[in-house]
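S.K.:
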Amino acid sequence: MRLTSCLTLICGMCLTTGCADPARKLELVPTEGPLFCDVEQPRRFTREELEVRSDRWPENLRLDIKTNTTWDRECAPEIQQHSITER
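So the sequence shown is numbered by UniProt numbering: it starts at 1 and just counts up by one.
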């Protein structure tokens, strides 16, 4: 049992340490499809809508909140930058 666990640890370390090739650079391929900001719009709700959605469709509300958070993080600075440069 000890031999098996030691060999597993040694083999695991040997396999994971040689995986990265420092000379090889990671190339990012640009996406040709629409970006998140082009497809999604923020979803804003009134207090009554939030209460109804939390009672009846909590999973959908959770996804909408996640979408709003992502939209605020990724798209809001872009819109602010455009409004600053247009002045």
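Ideal placement from N, C-alpha and C gives every residue a C-beta, glycine not left out.
Report back the beta-carbon spacing between T67 and R43 to the nearest angstrom; my notes put them in contact at under 8 Å.
M.R.: Yes, T67 and R43 are in contact; Cβ-Cβ is about 6 Å, under 8 Å.
S.K.: Quick one: grab the DSSP three-state call for R56.
M.R.: helix
S.K.: To which residues of the same chain is E74 closer than 8 Å at the C-beta, ignoring the five residues directly before and after it?
M.R.: F36, C37
S.K.: Could you give the residue range of the alpha helix (DSSP H) that holds C75?
M.R.: Careful: C75 lies outside any alpha helix (DSSP H) and carries neither H nor E.
S.K.: When you compare only the Cα positions, how much space is there between E59 and A76?
M.R.: 24 Å
S.K.: Tell me whether T8 sits in a helix, a strand or coil according to DSSP, three-state version.
M.R.: Correct three-state label for T8: helix.
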